[in-house]
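Take a look at the structure set out below.
In this note's numbering, the protein residues as written are 493 to 777.
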């Protein structure tokens with residue numbers, strides 16, 4: 493349950509005008525729109541360059557300008573979400589929450605309760621609660637999101653699988669294993685049917701289901717899924733792909749918890765070899 497900052501901003505700009513009312517003063521509106529885009533892009537650039545203070549200033553200014561476009565303008569929603577996302581990246585959750593809530597209410601009013609952007613807004617607010625460990629607050633948002641995508645897209649769509657996984661993860665975090673398991677199993681089934689039994693995306697959901705089994709003490713079932721996830725990753729990805737390392741680490745962690753240290757060490761060594769080959773990220777300035 494996470495999002496990145498920069499790419500989302502560029503996409504958001506292209507979505508703005510799908511629900512923007514015609515301007516009363518076209519020339520002034522055009523100038524303000526140009527300035528809004530400049531501020532929005534400057535915020536993304538500043539954050540990418542490791543200048544969060546400047547990024548916050550730019551996005552606050554963009555939001556102030558967006559307020560002038562009208563209370564139901566799409567650019568206002570975008571600025572609310574961009575500033576909220578920035579605060580989340582800085583662990584300033586209290587500042588992010590009212591922005592996320594306002595953006596969601598605005599999208600529901602403008603676009604209707606079953607629009608795909610409303611689903612994204614529900615997911616974003618649920619993610620914010622998840623980051624704070626507020627699982628009970630996130631749960632109804634995830635249930636609502638799942639109900640919408642099932643109704644709009646049908647029961648076997650990949651977005652339904654993603655929503656099932658999200659809700660199952662929330663249930664698991666609260667110890668509601670009986671509620672989580674059928675959802676996670678159904679998510680896996682959809683992925684198998686739509687993507688095939690050897691798709692690397694399936695390995696992620698298999699690992700989640702394995703973790704759920706492990707939490708319930710179903711160790712034999714869990715190990716089988718950890719093994720399968722690793723096999724899929726190894727067969728469908730480059731040998732040095734980071735996801736192969738992740739699958740190795742997940743299975744190794746399971747083995748360690750079950751006192752199978754020698755087996756775990758072999759997998760950990762393989763994972764370390766892969767990790768050591770990955771390019772190191774430069775620290776933010």
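Ideal Cβ positions, reconstructed from N, Cα and C, are used throughout, including at glycine.
Please read all numbers here as calculations on a predicted model, not as lab measurements.
Q. Hey, residue 722 and residue 704: beta-carbon distance below 8 angstroms or not?
A. Here residue 722 refers to the residue found at position 230 of the chain shown. Here residue 704 refers to the residue found at position 212 of the chain shown. No, the pair does not count as a contact, with Cβ atoms beyond the cut-off.
Q) How long is the line joining the alpha carbons of residue 584 and residue 578, rounded to whole angstroms? A) The residue you call residue 584 lines up with position 92 of the chain shown. The residue you call residue 578 lines up with position 86 of the chain shown. Here the C-alpha atom of residue 584 lies approximately 9 angstroms from the C-alpha atom of residue 578.
Q: In the DSSP assignment, find the unbroken alpha helix (DSSP H) run with residue 670 in it and report its ends.
A: Position 178 of the chain shown, counted from the start, is the residue given in the question as residue 670. In the DSSP assignment, residue 670 falls within the unbroken alpha helix (DSSP H) covering 669-687.
Q.
So, at 6 angstroms on beta carbons, what are the nonlocal neighbours of residue 775 in its own chain, with the 5 sequence-adjacent residues on each side left out?
A. The residue you call residue 775 lines up with position 283 of the chain shown. Only weak support exists for where residue 775 lies, its pLDDT of 46 falling under 50; the value from the coordinates is given anyway. No residues qualify anywhere along the chain.
Q) Can you tell me whether DSSP reads residue 729 as helix, strand or coil? A) Numbered from its first residue, the chain shown carries residue 729 at position 237. It is coil, neither helix nor strand.
Q: Determine the burial state of residue 751: buried for a count of at least 16 other Cβ atoms within 10 Å of its Cβ, exposed for fewer.
A: Reading the chain shown from its first residue, position 259 is the one you call residue 751. Classification of residue 751: exposed, given that the 10 Å Cβ count is below 16.
Q. Closest to residue 768 by CA distance: which of 754, 650, 732 and 701 is it?
A. Against the chain shown, residue 768 aligns to sequence position 276. Among 754, 650, 732 and 701, the Cα nearest to that of residue 768 belongs to 732.
Q) Do residue 588 and residue 620 have their C-beta atoms within less than 8 angstroms of each other? A) On the chain shown, residue 588 is found 96 positions in, with the first residue counted as 1. On the chain shown, residue 620 is found 128 positions in, with the first residue counted as 1. In this structure, residue 620 lies closer than 8 angstroms to residue 588 by Cβ.
Q. Run through DSSP, which three-state label would residue 777 get?
A. By one-based count along the chain shown, residue 777 stands at place 285. With a pLDDT of 45 at residue 777, under the threshold of 50, the modelled position of this residue cannot be trusted; read the value that follows with caution. Three-state result, residue 777: coil.
Q. Among residues of its own chain, excluding the 5 on either side of residue 553, which ones have a beta-carbon nearer than 6 angstroms to its beta-carbon?
A. By 1-based counting over the chain shown, the position of residue 553 is 61. 531, listed in sequence order.
Q | For residue 561, three-class secondary structure by DSSP | A | In the chain shown, the residue the question calls residue 561 occupies position 69. Three-state DSSP puts residue 561 in coil, outside helix and strand.
**Q.** Per-residue DSSP class, three states only, for residue 690
**A.** In the chain shown, the residue the question calls residue 690 occupies position 198. Correct three-state label for residue 690: coil.
Q: Whole angstroms is fine: what's the gap from residue 728's alpha carbon to residue 617's?
A: The residue given as residue 728 occupies position 236 in the chain shown. The residue given as residue 617 occupies position 125 in the chain shown. Straight-line Cα distance between these residues: approximately 34 angstroms.
Q.
Which residue wins for smallest C-alpha separation from residue 647, given the options 713, 686 and 590?
A. Position 155 of the chain shown, counted from the start, is the residue given in the question as residue 647. For residue 647, the closest of 713, 686 and 590 by C-alpha to C-alpha distance is 686.
Q: For residue 641, count neighbouring Cβ atoms within 10 angstroms of its own Cβ and tell me buried if that reaches 16, exposed if not.
A: Position 149 of the chain shown, counted from the start, is the residue given in the question as residue 641. Counting the other CB atoms within 10 Å of its CB gives residue 641 a total of 16 or more, which places it among the buried residues.
Q. Buried or exposed: residue 709, going by 16 or more other Cβ atoms within 10 Å of its Cβ?
A. Position 217 of the chain shown, counted from the first residue, corresponds to residue 709. Label assigned to residue 709: exposed.
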